[in-house]
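Chemist: Letter by letter, the sequence shown follows residues 0 to 387 in numbering that gives the first Met the number 0.
Structure below; questions to follow.
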Amino acid sequence: MAHIYGLSEEETHVGRMARDLAIESVLPYAGQVDSEGRFPEEAFSALRANGLLGLHVPKEFGGLGHGPAVFAAIVEEIAKACGSTAMCYVMHIASTSSFMASQTLADRDSLLTAVGAGNHVSTLAFSERGSRSQFWAPLSQLTPQGDDFVTTAHKSWITSCDHADSIVSSAQMPNADSPADVTLYLIDRRTEGVTKTASFDGLGLRGNDSAPVDYQNVFVPSGRLLTTQGAGSGMMLNVILPWFCVGTAAMSHGLCLSAIDATTRHLTGQSFAHSGAALRDLPNLRARLAQMLVLTEQSRSLLRHTLVMLAQPDETTPLYVLQSRMAALQAAVDVTDLAMKTCGGAAFSKHLGIERQFRDARAGWVMSPTVDHLQEFIGRALVGLPPM
(Lines of atoms letter the chains of each structure in order from A and count residues from 1; the text may use other names and numbers.)
(Lines give C-alpha, C1' and ligand atoms only; values in the text may rest on other atoms or scores of the structure.)
Protein backbone atom coordinates (compact mmCIF):
# COMPACT_ATOMS: atom_id res chain seq x y z
CA MET A 1 0.00 0.00 0.00
CA ALA A 2 1.38 3.41 -0.99
CA HIS A 3 2.32 5.73 1.87
CA ILE A 4 0.09 8.78 2.11
CA TYR A 5 3.12 11.09 2.08
CA GLY A 6 4.41 9.60 -1.17
CA LEU A 7 7.45 7.79 0.22
CA SER A 8 9.69 5.63 -1.94
CA GLU A 9 10.41 2.03 -0.97
CA GLU A 10 13.63 3.06 0.78
CA GLU A 11 11.88 5.91 2.57
CA THR A 12 9.03 3.63 3.61
CA HIS A 13 11.61 1.36 5.23
CA VAL A 14 12.81 4.32 7.33
CA GLY A 15 9.21 4.99 8.31
CA ARG A 16 8.78 1.39 9.44
CA MET A 17 11.96 1.67 11.48
CA ALA A 18 10.51 4.74 13.17
CA ARG A 19 7.27 2.87 13.86
CA ASP A 20 9.15 0.01 15.52
CA LEU A 21 11.29 2.46 17.48
CA ALA A 22 8.18 4.28 18.69
CA ILE A 23 6.57 1.05 19.87
CA GLU A 24 9.69 -0.24 21.60
CA SER A 25 11.41 2.89 22.93
CA VAL A 26 8.86 5.72 23.03
CA LEU A 27 5.47 4.29 23.99
CA PRO A 28 6.63 2.42 27.14
CA TYR A 29 7.80 5.71 28.69
CA ALA A 30 5.12 8.06 27.34
CA GLY A 31 2.89 7.97 30.41
CA GLN A 32 5.80 8.63 32.74
CA VAL A 33 7.16 11.43 30.54
CA ASP A 34 3.74 13.08 30.72
CA SER A 35 2.96 12.53 34.40
CA GLU A 36 6.43 13.57 35.59
CA GLY A 37 6.83 16.33 33.02
CA ARG A 38 10.29 15.10 32.13
CA PHE A 39 12.37 15.04 28.96
CA PRO A 40 12.03 11.76 26.98
CA GLU A 41 15.63 10.62 27.43
CA GLU A 42 14.99 6.98 26.53
CA ALA A 43 13.34 7.98 23.26
CA PHE A 44 16.15 10.34 22.29
CA SER A 45 18.73 7.66 23.03
CA ALA A 46 16.89 5.40 20.58
CA LEU A 47 16.59 8.17 17.98
CA ARG A 48 20.32 8.75 18.30
CA ALA A 49 21.19 5.06 18.02
CA ASN A 50 19.08 4.70 14.86
CA GLY A 51 20.50 7.75 13.11
CA LEU A 52 17.24 9.69 13.18
CA LEU A 53 18.70 12.76 14.89
CA GLY A 54 20.62 13.26 11.64
CA LEU A 55 17.65 12.44 9.41
CA HIS A 56 17.95 15.55 7.24
CA VAL A 57 21.72 16.02 7.37
CA PRO A 58 23.45 15.33 4.02
CA LYS A 59 25.12 11.94 3.77
CA GLU A 60 28.51 13.59 3.29
CA PHE A 61 28.26 14.71 6.92
CA GLY A 62 27.11 11.33 8.20
CA GLY A 63 23.37 11.97 8.11
CA LEU A 64 20.60 10.09 6.32
CA GLY A 65 19.96 12.86 3.79
CA HIS A 66 16.16 12.67 3.83
CA GLY A 67 13.68 15.47 3.21
CA PRO A 68 10.41 16.74 4.69
CA ALA A 69 8.24 13.81 3.52
CA VAL A 70 10.25 11.22 5.46
CA PHE A 71 10.43 13.65 8.37
CA ALA A 72 6.62 13.88 8.40
CA ALA A 73 6.25 10.10 8.38
CA ILE A 74 8.71 9.70 11.26
CA VAL A 75 7.17 12.44 13.40
CA GLU A 76 3.73 10.94 12.86
CA GLU A 77 4.92 7.56 14.16
CA ILE A 78 6.61 9.14 17.18
CA ALA A 79 3.56 11.28 18.01
CA LYS A 80 1.29 8.23 17.92
CA ALA A 81 3.31 7.06 20.92
CA CYS A 82 4.21 10.35 22.66
CA GLY A 83 3.44 13.93 21.71
CA SER A 84 6.18 15.37 23.93
CA THR A 85 8.87 13.27 22.24
CA ALA A 86 7.60 14.32 18.83
CA MET A 87 7.70 18.00 19.83
CA CYS A 88 11.31 17.83 21.02
CA TYR A 89 12.28 15.98 17.84
CA VAL A 90 10.56 18.54 15.60
CA MET A 91 12.38 21.39 17.33
CA HIS A 92 15.71 19.62 16.87
CA ILE A 93 15.20 19.02 13.15
CA ALA A 94 13.78 22.50 12.50
CA SER A 95 16.57 24.28 14.35
CA THR A 96 19.42 22.30 12.79
CA SER A 97 18.01 22.94 9.31
CA SER A 98 19.49 26.41 9.80
CA PHE A 99 22.97 24.88 10.05
CA MET A 100 22.64 23.45 6.56
CA ALA A 101 21.40 26.73 5.09
CA SER A 102 23.89 29.02 6.84
CA GLN A 103 26.63 30.75 4.86
CA THR A 104 28.11 32.49 7.91
CA LEU A 105 28.41 29.78 10.59
CA ALA A 106 32.15 29.27 11.08
CA ASP A 107 32.00 25.72 12.44
CA ARG A 108 29.14 24.66 10.16
CA ASP A 109 30.77 21.46 8.87
CA SER A 110 31.80 20.19 12.30
CA LEU A 111 28.34 20.94 13.69
CA LEU A 112 26.66 19.12 10.81
CA THR A 113 28.96 16.15 11.39
CA ALA A 114 28.00 16.13 15.08
CA VAL A 115 24.29 16.32 14.24
CA GLY A 116 24.67 13.62 11.59
CA ALA A 117 26.27 11.33 14.17
CA GLY A 118 23.51 12.03 16.69
CA ASN A 119 25.91 13.78 19.03
CA HIS A 120 24.35 17.24 18.96
CA VAL A 121 20.78 18.27 19.82
CA SER A 122 19.51 21.78 19.15
CA THR A 123 16.36 23.83 19.67
CA LEU A 124 14.79 27.20 18.86
CA ALA A 125 14.53 30.41 20.92
CA PHE A 126 12.57 32.98 18.94
CA SER A 127 9.69 34.05 21.20
CA GLU A 128 10.46 36.63 23.88
CA ARG A 129 8.66 37.81 26.96
CA GLY A 130 7.88 41.22 25.48
CA SER A 131 6.78 40.17 22.00
CA ARG A 132 5.16 36.95 23.24
CA SER A 133 3.87 34.72 20.43
CA GLN A 134 4.87 37.23 17.74
CA PHE A 135 8.20 35.43 17.34
CA TRP A 136 9.17 37.37 14.22
CA ALA A 137 9.66 40.58 16.27
CA PRO A 138 12.31 40.04 18.97
CA LEU A 139 12.98 42.89 21.39
CA SER A 140 16.55 41.83 22.14
CA GLN A 141 19.37 43.32 20.08
CA LEU A 142 22.92 42.40 19.19
CA THR A 143 25.41 44.97 20.48
CA PRO A 144 28.82 45.10 18.75
CA GLN A 145 31.87 44.25 20.85
CA GLY A 146 34.82 44.53 18.51
CA ASP A 147 34.17 42.08 15.69
CA ASP A 148 31.78 40.10 17.90
CA PHE A 149 28.57 40.83 19.81
CA VAL A 150 26.82 40.64 23.17
CA THR A 151 23.10 40.44 23.81
CA THR A 152 20.58 40.40 26.64
CA ALA A 153 17.22 38.73 26.10
CA HIS A 154 14.26 37.23 27.92
CA LYS A 155 13.45 34.15 25.85
CA SER A 156 10.20 32.36 26.62
CA TRP A 157 9.51 28.64 26.57
CA ILE A 158 12.56 27.07 24.98
CA THR A 159 11.82 23.40 24.20
CA SER A 160 14.43 20.82 25.35
CA CYS A 161 15.79 23.59 27.55
CA ASP A 162 17.91 21.38 29.81
CA HIS A 163 18.95 18.87 27.15
CA ALA A 164 19.75 20.76 23.95
CA ASP A 165 23.42 21.34 23.24
CA SER A 166 22.78 24.56 21.33
CA ILE A 167 20.04 27.14 20.86
CA VAL A 168 19.18 28.82 17.57
CA SER A 169 18.26 32.34 18.68
CA SER A 170 17.04 35.61 17.22
CA ALA A 171 17.74 39.27 17.91
CA GLN A 172 17.46 42.60 16.22
CA MET A 173 20.58 43.49 14.26
CA PRO A 174 22.73 46.35 15.62
CA ASN A 175 21.06 49.73 15.03
CA ALA A 176 17.94 48.04 13.67
CA ASP A 177 15.23 50.29 12.25
CA SER A 178 12.49 47.88 13.34
CA PRO A 179 12.08 44.55 15.17
CA ALA A 180 11.79 42.92 11.73
CA ASP A 181 15.51 43.57 11.13
CA VAL A 182 16.41 40.21 12.61
CA THR A 183 19.68 38.29 12.77
CA LEU A 184 19.87 34.63 13.78
CA TYR A 185 22.73 33.31 15.87
CA LEU A 186 23.74 30.11 17.65
CA ILE A 187 24.79 29.79 21.28
CA ASP A 188 25.76 26.83 23.41
CA ARG A 189 23.28 26.05 26.16
CA ARG A 190 26.04 26.23 28.78
CA THR A 191 27.25 29.67 27.65
CA GLU A 192 27.92 32.04 30.54
CA GLY A 193 24.91 34.27 31.13
CA VAL A 194 22.31 31.76 29.88
CA THR A 195 19.97 31.06 32.82
CA LYS A 196 16.77 29.06 33.10
CA THR A 197 14.35 31.17 35.13
CA ALA A 198 11.39 28.83 35.79
CA SER A 199 10.09 25.31 35.28
CA PHE A 200 7.25 24.11 33.05
CA ASP A 201 4.12 22.50 34.48
CA GLY A 202 1.83 22.66 31.49
CA LEU A 203 -1.49 21.17 30.48
CA GLY A 204 -0.18 19.33 27.41
CA LEU A 205 3.14 18.28 25.87
CA ARG A 206 4.29 18.17 29.47
CA GLY A 207 7.53 16.35 28.74
CA ASN A 208 8.97 18.77 26.22
CA ASP A 209 11.38 20.23 28.80
CA SER A 210 10.21 23.75 28.05
CA ALA A 211 11.20 26.76 30.15
CA PRO A 212 11.80 30.51 29.98
CA VAL A 213 15.47 31.45 29.72
CA ASP A 214 17.29 34.74 30.24
CA TYR A 215 20.39 35.76 28.30
CA GLN A 216 22.40 38.25 30.37
CA ASN A 217 25.24 39.92 28.46
CA VAL A 218 25.76 36.72 26.47
CA PHE A 219 28.79 36.75 24.19
CA VAL A 220 28.05 35.92 20.54
CA PRO A 221 31.16 35.40 18.38
CA SER A 222 30.79 36.66 14.82
CA GLY A 223 31.44 33.10 13.63
CA ARG A 224 28.26 31.99 15.39
CA LEU A 225 25.96 34.19 13.33
CA LEU A 226 23.66 31.98 11.29
CA THR A 227 22.73 34.79 8.89
CA THR A 228 24.13 38.07 7.71
CA GLN A 229 22.86 41.06 9.64
CA GLY A 230 19.16 41.65 9.05
CA ALA A 231 18.64 38.47 7.02
CA GLY A 232 17.22 36.41 9.88
CA SER A 233 13.58 36.75 8.85
CA GLY A 234 14.36 35.11 5.53
CA MET A 235 15.90 32.08 7.21
CA MET A 236 13.08 31.93 9.75
CA LEU A 237 10.35 31.92 7.11
CA ASN A 238 11.99 30.10 4.21
CA VAL A 239 14.14 27.49 5.97
CA ILE A 240 13.09 26.87 9.56
CA LEU A 241 9.34 27.49 9.35
CA PRO A 242 8.64 24.87 6.63
CA TRP A 243 10.37 22.14 8.66
CA PHE A 244 8.57 23.32 11.81
CA CYS A 245 5.14 23.46 10.16
CA VAL A 246 5.52 20.08 8.47
CA GLY A 247 6.73 18.57 11.73
CA THR A 248 3.99 19.99 13.92
CA ALA A 249 1.34 19.05 11.36
CA ALA A 250 2.63 15.48 11.36
CA MET A 251 2.73 15.53 15.16
CA SER A 252 -0.94 16.53 15.21
CA HIS A 253 -1.76 13.74 12.77
CA GLY A 254 0.00 11.24 15.01
CA LEU A 255 -2.17 12.35 17.93
CA CYS A 256 -5.26 11.94 15.74
CA LEU A 257 -4.30 8.47 14.55
CA SER A 258 -3.57 7.32 18.08
CA ALA A 259 -6.93 8.63 19.29
CA ILE A 260 -8.69 6.86 16.41
CA ASP A 261 -6.94 3.60 17.24
CA ALA A 262 -7.79 3.84 20.95
CA THR A 263 -11.40 4.73 20.19
CA THR A 264 -11.77 1.86 17.73
CA ARG A 265 -10.38 -0.63 20.24
CA HIS A 266 -12.74 0.68 22.91
CA LEU A 267 -15.82 0.45 20.70
CA THR A 268 -15.00 -3.04 19.48
CA GLY A 269 -13.83 -4.37 22.82
CA GLN A 270 -16.55 -3.24 25.22
CA SER A 271 -20.20 -4.28 25.49
CA PHE A 272 -23.31 -3.99 27.65
CA ALA A 273 -23.68 -6.95 30.02
CA HIS A 274 -27.45 -6.64 30.27
CA SER A 275 -28.07 -6.80 26.50
CA GLY A 276 -24.91 -8.27 25.01
CA ALA A 277 -24.70 -5.39 22.53
CA ALA A 278 -21.24 -3.97 21.83
CA LEU A 279 -20.48 -0.26 21.90
CA ARG A 280 -19.82 -0.49 18.18
CA ASP A 281 -23.52 -1.31 17.69
CA LEU A 282 -24.48 2.26 18.63
CA PRO A 283 -24.78 4.39 15.46
CA ASN A 284 -23.95 7.68 17.19
CA LEU A 285 -20.59 6.31 18.35
CA ARG A 286 -19.80 4.93 14.90
CA ALA A 287 -20.68 8.31 13.39
CA ARG A 288 -18.20 10.10 15.66
CA LEU A 289 -15.49 7.58 14.79
CA ALA A 290 -16.16 8.17 11.10
CA GLN A 291 -15.87 11.93 11.62
CA MET A 292 -12.54 11.43 13.38
CA LEU A 293 -11.12 9.45 10.48
CA VAL A 294 -12.32 11.85 7.78
CA LEU A 295 -10.98 14.92 9.59
CA THR A 296 -7.61 13.23 10.00
CA GLU A 297 -7.29 12.01 6.43
CA GLN A 298 -8.37 15.38 5.02
CA SER A 299 -5.54 17.05 6.89
CA ARG A 300 -3.01 14.35 6.00
CA SER A 301 -3.94 14.75 2.34
CA LEU A 302 -3.33 18.50 2.51
CA LEU A 303 0.06 17.84 4.06
CA ARG A 304 0.85 15.40 1.24
CA HIS A 305 0.12 18.14 -1.29
CA THR A 306 2.30 20.56 0.67
CA LEU A 307 5.17 18.05 0.63
CA VAL A 308 4.85 17.83 -3.16
CA MET A 309 4.94 21.63 -3.34
CA LEU A 310 8.05 21.77 -1.15
CA ALA A 311 9.81 19.39 -3.52
CA GLN A 312 9.02 21.70 -6.46
CA PRO A 313 8.30 25.08 -4.83
CA ASP A 314 6.61 28.05 -6.42
CA GLU A 315 5.12 31.30 -5.11
CA THR A 316 2.14 29.47 -3.57
CA THR A 317 4.21 27.01 -1.53
CA PRO A 318 4.46 29.14 1.67
CA LEU A 319 0.68 29.42 1.75
CA TYR A 320 0.33 25.63 1.65
CA VAL A 321 2.88 25.30 4.45
CA LEU A 322 0.76 27.54 6.67
CA GLN A 323 -2.49 25.84 5.66
CA SER A 324 -1.07 22.43 6.55
CA ARG A 325 -0.17 23.46 10.07
CA MET A 326 -3.50 25.19 10.61
CA ALA A 327 -5.55 22.26 9.30
CA ALA A 328 -3.63 19.73 11.36
CA LEU A 329 -3.88 21.71 14.60
CA GLN A 330 -7.62 22.10 14.13
CA ALA A 331 -8.02 18.43 13.22
CA ALA A 332 -6.15 17.32 16.35
CA VAL A 333 -8.33 19.43 18.63
CA ASP A 334 -11.54 18.25 16.96
CA VAL A 335 -10.55 14.58 16.70
CA THR A 336 -9.37 14.25 20.28
CA ASP A 337 -12.51 16.05 21.47
CA LEU A 338 -14.65 13.55 19.57
CA ALA A 339 -12.59 10.70 21.02
CA MET A 340 -13.21 11.90 24.57
CA LYS A 341 -16.96 12.15 23.93
CA THR A 342 -17.14 8.80 22.15
CA CYS A 343 -15.29 6.89 24.86
CA GLY A 344 -16.99 8.68 27.74
CA GLY A 345 -15.99 7.75 31.27
CA ALA A 346 -13.25 5.38 30.15
CA ALA A 347 -11.49 8.31 28.47
CA PHE A 348 -12.12 10.84 31.23
CA SER A 349 -10.81 8.44 33.87
CA LYS A 350 -7.51 8.18 31.94
CA HIS A 351 -7.88 4.49 31.10
CA LEU A 352 -7.32 4.80 27.35
CA GLY A 353 -4.53 7.34 26.85
CA ILE A 354 -6.91 9.59 24.93
CA GLU A 355 -6.92 12.20 27.68
CA ARG A 356 -3.17 12.77 27.15
CA GLN A 357 -3.68 13.20 23.40
CA PHE A 358 -6.55 15.59 24.14
CA ARG A 359 -4.23 17.78 26.22
CA ASP A 360 -1.29 17.52 23.83
CA ALA A 361 -3.46 18.62 20.90
CA ARG A 362 -4.39 21.81 22.70
CA ALA A 363 -0.78 22.67 23.47
CA GLY A 364 -0.02 22.68 19.76
CA TRP A 365 -2.90 25.08 19.15
CA VAL A 366 -1.31 27.91 21.19
CA MET A 367 2.28 27.39 20.04
CA SER A 368 3.43 30.13 17.69
CA PRO A 369 2.51 30.59 14.94
CA THR A 370 -0.84 30.05 16.64
CA VAL A 371 -4.03 29.20 14.80
CA ASP A 372 -5.03 32.86 15.06
CA HIS A 373 -1.74 33.89 13.44
CA LEU A 374 -2.13 31.30 10.71
CA GLN A 375 -5.66 32.41 9.90
CA GLU A 376 -4.49 36.02 9.68
CA PHE A 377 -1.47 35.23 7.48
CA ILE A 378 -3.54 33.09 5.12
CA GLY A 379 -6.40 35.60 5.00
CA ARG A 380 -4.07 38.51 4.26
CA ALA A 381 -2.43 36.56 1.45
CA LEU A 382 -5.81 35.77 -0.10
CA VAL A 383 -6.83 39.45 -0.27
CA GLY A 384 -3.45 40.71 -1.45
CA LEU A 385 -2.18 42.25 1.79
CA PRO A 386 1.41 41.89 3.06
CA PRO A 387 1.93 39.19 5.73
CA MET A 388 2.16 41.69 8.59
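Glycine residues also receive a C-beta, built at the ideal position from the N, C-alpha and C atoms.
1) Select from His252, Ser139, Gly53 and Val74 the residue whose C-alpha is nearest the C-alpha of His65.
2) Straight-line CA distance for Arg131 to Asp33?
3) Look at the alpha carbon of Ile239 and the alpha carbon of Ser96, and state the distance between them as a whole number of angstroms.
4) Evaluate contact between the region 227-235 and the region 319-331, counting only Cβ atoms and requiring at least three cross-stretch pairs below 8 Å.
5) Go ahead and label His12 buried or exposed: buried means 16 or more other beta carbons lie within 10 angstroms of its beta carbon, across all protein chains shown.
6) Could you tell me which of Asn174, Ser159, Ser165 and Leu306 sits nearest to Arg205, measuring between CA atoms?
7) Ala286: buried (16+ other C-beta within 10 angstroms of its C-beta) or exposed?
8) In whole angstroms, give me the CA-to-CA distance for Ala249 and Thr103.
9) Under 6 Å Cβ to Cβ from Ala360, same chain only, skipping five residues before and after it: list those, please.
10) Can you round the beta-carbon distance between Leu183 and Thr247 to whole angstroms, since I take them to be within the 8 Å contact cut?
11) So, with DSSP's three-state summary, where would you put His153?
12) Assuming the contact rule is C-beta atoms closer than 8 Å, Ser165 and His119 should be a hit. Round their C-beta distance to whole Å, please.
13) Going by beta carbon distance, what residues of the same chain come within less than 6 Å of Pro143, once the five residues before and after it are set aside?
14) Between His162 and Asp208, how many whole angstroms is the CB-CB distance? I'm expecting something under 8 Å.
15) When you compare only the Cα positions, how much space is there between Asp146 and Glu59?
16) Between which residues of its own chain and Glu75 is the CB-CB distance below 6 Å, once the five residues before and five after are set aside?
17) What are the boundary residues of the alpha helix (DSSP H) that Leu337 is part of?
18) Let me confirm a value: Gly62 is counted as buried when at least 16 other C-beta atoms fall within 10 Å, else exposed. Which label applies?
19) What residue does the beta strand (DSSP E) around Gln215 start on, and which one ends it?
20) Between Glu41 and Pro211, what straight-line distance do the alpha-carbon atoms span, to the nearest angstrom?
21) Answer with buried or exposed for Gly390, where buried requires no fewer than 16 other C-beta atoms within 10 angstroms of its C-beta.
22) Looking at Ala1: is its Cβ nearer than 8 Å to the Cβ of Ile73?
23) Measuring straight from C-alpha to C-alpha, what distance separates Arg264 and Gln171?
24) State the Cα-Cα distance for the pair Gly352 and Ser83, rounded to the nearest angstrom.
25) Of all the options Leu236, Val320, Cys87 and Thr194, which has the alpha carbon lying nearest to the alpha carbon of Thr122?
26) Assign Thr196 to one of two classes, buried (16 or more other C-beta atoms within 10 Å of its C-beta) or exposed (fewer than that).
27) In chain order, what residues of the same chain have a beta carbon less than 8 Å from the beta carbon of Phe218, not counting five sequence neighbours either side?
28) Does the beta-carbon of Arg379 have 16 or more other beta-carbons within 10 angstroms, so that it is buried, or is it exposed?
29) Quick one: what does DSSP say Trp34 is sitting in, helix, strand or coil?
30) Run the CB neighbour count on Pro241, radius 10 Å, all protein chains shown included, and call it buried at 16 or more, exposed below.
31) Where Phe70 and Leu288 are concerned, what is the direct C-alpha to C-alpha distance, given to the nearest angstrom?
Modeler: This is what the structure gives:
1) The sequence position of residue 65 within the sequence shown is 66, counting from 1. Nearest option by C-alpha distance: Gly53.
2) By 1-based counting over the sequence shown, the position of residue 131 is 132. By 1-based counting over the sequence shown, the position of residue 33 is 34. Spanning the two alpha carbons is a distance of roughly 25 Å.
3) Start at 1 with the first residue of the sequence shown, and residue 239 comes out as number 240. Start at 1 with the first residue of the sequence shown, and residue 96 comes out as number 97. Ile239 and Ser96 have their C-alpha atoms some 6 Å from each other.
4) no
5) The sequence position of residue 12 within the sequence shown is 13, counting from 1. So His12 ends up on the exposed side.
6) Your numbering for residue 205 matches position 206 in the sequence shown. The candidate whose alpha carbon is nearest that of Arg205 is Ser159.
7) For this step, residue 286 is matched to residue 287 along the sequence shown. Taking all protein chains shown into account, Ala286 has fewer than 16 neighbouring C-beta atoms within 10 Å of its C-beta and is therefore exposed.
8) Indexing the sequence shown from 1 puts residue 249 at position 250. Indexing the sequence shown from 1 puts residue 103 at position 104. Taken atom to atom, the span from the alpha-carbon of Ala249 to that of Thr103 is near 31 Å.
9) The residue given as residue 360 occupies position 361 in the sequence shown. So the list reads Leu254, Ala331, Val332 and Thr335, once near-sequence residues are dropped.
10) For this step, residue 183 is matched to residue 184 along the sequence shown. For this step, residue 247 is matched to residue 248 along the sequence shown. With 8 Å as the limit, Leu183 and Thr247 do not qualify as a contact, their Cβ atoms being about 20 Å apart.
11) Translated into the one-based positions of the sequence shown, residue 153 becomes position 154. In the structure shown, His153 sits in a strand (DSSP, three-state: E or B).
12) For the purposes of this step, residue 165 is taken as residue 166 along the sequence shown, with counting starting at 1. For the purposes of this step, residue 119 is taken as residue 120 along the sequence shown, with counting starting at 1. The pair is a contact, with the Cβ atoms about 7 Å apart (cut-off 8 Å).
13) Counted from its first residue, the sequence shown places residue 143 at position 144. The residues are Pro173.
14) By one-based count along the sequence shown, residue 162 stands at place 163. By one-based count along the sequence shown, residue 208 stands at place 209. 6 Å between Cβ atoms; contact.
15) Residue numbering aside, residue 146 sits at position 147 when the sequence shown is read from its first letter. Residue numbering aside, residue 59 sits at position 60 when the sequence shown is read from its first letter. If you take the alpha carbons of Asp146 and Glu59, they lie about 32 Å apart.
16) If you number the sequence shown from 1, residue 75 lands on position 76. Excluding sequence neighbours, Glu75 sits near Ala249, His252 and Gly253.
17) Within the sequence shown, numbered from 1, the residue matching residue 337 stands at position 338. Here the alpha helix (DSSP H) through Leu337 covers Thr316 to Phe347.
18) Taking the first residue of the sequence shown as 1, we reach residue 62 at position 63. It is buried - the Cβ of Gly62 has at least 16 other Cβ atoms within 10 Å.
19) In the sequence shown, residue 215 corresponds to position 216, counting from 1. Where Gln215 is concerned, the enclosing beta strand (DSSP E) stretches over Ala210 to Val219.
20) Working through the sequence shown from its first residue, we reach residue 41 at position 42. Working through the sequence shown from its first residue, we reach residue 211 at position 212. Taking the straight line from one Cα to the other gives about 24 Å.
21) Lying outside 0 to 387, the shown extent of the chain, residue 390 is not represented and no answer is given.
22) The sequence position of residue 1 within the sequence shown is 2, counting from 1. The sequence position of residue 73 within the sequence shown is 74, counting from 1. No, the Cβ-Cβ distance between Ala1 and Ile73 is not below 8 Å.
23) What you label residue 264 is simply residue 265 of the sequence shown in a count that begins at 1. What you label residue 171 is simply residue 172 of the sequence shown in a count that begins at 1. Taking the straight line from one Cα to the other gives about 52 Å.
24) For the purposes of this step, residue 352 is taken as residue 353 along the sequence shown, with counting starting at 1. For the purposes of this step, residue 83 is taken as residue 84 along the sequence shown, with counting starting at 1. Approximately 14 Å between the Cα atoms of the pair.
25) Here the question's residue 122 lines up with position 123 in the sequence shown. Of Leu236, Val320, Cys87 and Thr194, the residue nearest in Cα terms is Cys87.
26) Reading the sequence shown from its first residue, position 197 is the one you call residue 196. Exposed.
27) For the purposes of this step, residue 218 is taken as the residue at position 219 of the sequence shown. Cβ within range, chain order: Gln144, Asp147, Phe148, Val149, Thr190, Glu191 and Gly192.
28) As a working note, residue 379 is residue 380 in the sequence shown. If you draw a 10 Å sphere on the C-beta of Arg379, you find fewer than 16 other C-beta atoms in it, and that means exposed.
29) As a position in the sequence shown, residue 34 is number 35, starting the count at 1. For the sequence presented, residue 34 should be read as Ser rather than Trp. Helix at Ser34.
30) Counting from one through the sequence shown, the residue named residue 241 turns up at place 242. Classification of Pro241: buried, given that the 10 Å Cβ count is 16 or more.
31) For this step, residue 70 is matched to residue 71 along the sequence shown. For this step, residue 288 is matched to residue 289 along the sequence shown. Approximately 27 Å between the Cα atoms of the pair.
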